[in-house]
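For reference, the structure is listed below as structure tokens.
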Amino acid sequence: MEIAKTSTKSLVHLKASMPIRGVSFGTNQPPDAIRQLIRRWLTDQEADNILSRFQKASVPNRQMLWSGMLREQAQQWADAHGFQTLTTALGPLLYPGGLECPNGQNPPRYIHGASIIFAWFISLGDIVTVLAHPPPIPFHPSGQTFYQLYEEPIIMGRMGNRPVGRIDTAHPAIKAATDFIY
């Protein structure tokens, strides 16, 4: 009698497809494609802590994503207009040395995973604001920014999830339009 061999690849896919463990997720699980992205960068415990933080600190429909500018510029605009960026929403989870910060550091993998959860969390709401360059080329022509590859498909509902109700846009690089959101 021959025993069936299970490949390592199929075991990894099986784990990535399983529900994320933790109180914050409970029965409100992201679709399989989004869970796989989350697990590319985060443990279940990290993901649960991040979602818990978003649930506690979220101001409904005041989240903002950005592309094509420095994080500091996007954060300054968000602060001036009452929006939450990923940095704002993560709060104490980002401050090295803080009790809530994982491993006392701020590695890129943590930010990438948190960004996936943030985009999915936003997609559960009604409105998101995106900061971008003005037309004709609002986003990078390569299409390879984190926003273009991951965040935009999630907020638009292209990964098996619900799309956000409305995507507003702002162009802070244009002085005369810095306060205009459409």
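For the sequence shown, the numbering used here begins at 3 and goes up steadily by one.
All residues carry an ideal CB built from backbone N, CA and C; glycine is no exception.
Which word fits residue i, buried or exposed, when buried means at least 16 other C-beta atoms lie within 10 angstroms of its C-beta?
{"i": "Met20", "result": "exposed"}
{"i": "Leu126", "result": "exposed"}
{"i": "Pro185", "result": "Only positions 3 to 184 of the chain appear in this structure, which leaves residue 185 out of reach."}
{"i": "Val14", "result": "Here Val14 scores only 49 on pLDDT, less than 50, and its place in the model is too uncertain to base an answer on."}
{"i": "Leu88", "result": "buried"}
{"i": "Arg73", "result": "exposed"}
{"i": "Arg41", "result": "buried"}
{"i": "Asp181", "result": "exposed"}
{"i": "Asn51", "result": "buried"}
{"i": "Leu151", "result": "exposed"}
{"i": "Ala82", "result": "exposed"}
{"i": "Ala178", "result": "exposed"}
Excluding sequence positions up to five away, which residues of its chain have a Cβ less than 7 Å from the Cβ of residue i?
{"i": "Met161", "result": "Pro33, Ala35, Ile36 and Pro155"}
{"i": "Glu153", "result": "Leu67, Ser117 and Ala121"}
{"i": "Gly93", "result": "Arg55 and Ala59"}
{"i": "Asn163", "result": "Pro32, Pro33, Ile36, Trp122, Ser125 and Ile156"}
{"i": "Ile169", "result": "Val130, Val132 and Ile157"}
{"i": "Ala76", "result": "Trp68, Thr87 and Leu133"}
Which of the three DSSP states, helix, strand or coil, is assigned to residue i?
{"i": "Thr89", "result": "helix"}
{"i": "Arg64", "result": "coil"}
{"i": "Asp170", "result": "strand"}
{"i": "Ile183", "result": "strand"}
{"i": "Gln47", "result": "helix"}
{"i": "Phe27", "result": "coil"}
{"i": "Ser69", "result": "coil"}
{"i": "Pro21", "result": "coil"}
{"i": "Ala175", "result": "coil"}
{"i": "Pro94", "result": "helix"}
Going along the chain, which residues of its own chain have a beta-carbon closer than 8 Å to the beta-carbon of residue i, five neighbours each way excluded?
{"i": "Gln86", "result": "Ala59, Ser60, Val61, Arg64, Gln65, Met66 and Ala80"}
Give the C-beta separation of residue i and residue j to the nearest angstrom, bearing in mind that I take them to be a contact with Cβ-Cβ under 8 Å.
{"i": "Thr147", "j": "Ser69", "result": "5 Å"}
{"i": "Phe136", "j": "Ile176", "result": "A small correction: the amino acid at residue 136 is Pro; Phe does not occupy that position in the sequence shown. The Cβ separation is near 6 Å, so the contact holds."}
{"i": "Gly115", "j": "Trp43", "result": "3 Å"}
Within the same chain, show all residues whose beta-carbon is closer than 6 Å to that of residue i, passing over the 5 residues directly before and after it, in chain order.
{"i": "Leu39", "result": "Ile118"}
{"i": "Asp128", "result": "Asn63 and Gly167"}
{"i": "Arg140", "result": "The amino acid occupying residue 140 in the given sequence is Pro; Arg does not appear at that position. For Pro140, where only same-chain residues beyond five positions count, the Cβ hits under 6 Å are Ala134."}
* Could you pull out every unbroken alpha helix (DSSP H) segment of at least 4 residues lying fully inside the stretch 105 to 166, listed in chain order? => Correct list: 110 to 125 and 154 to 157.
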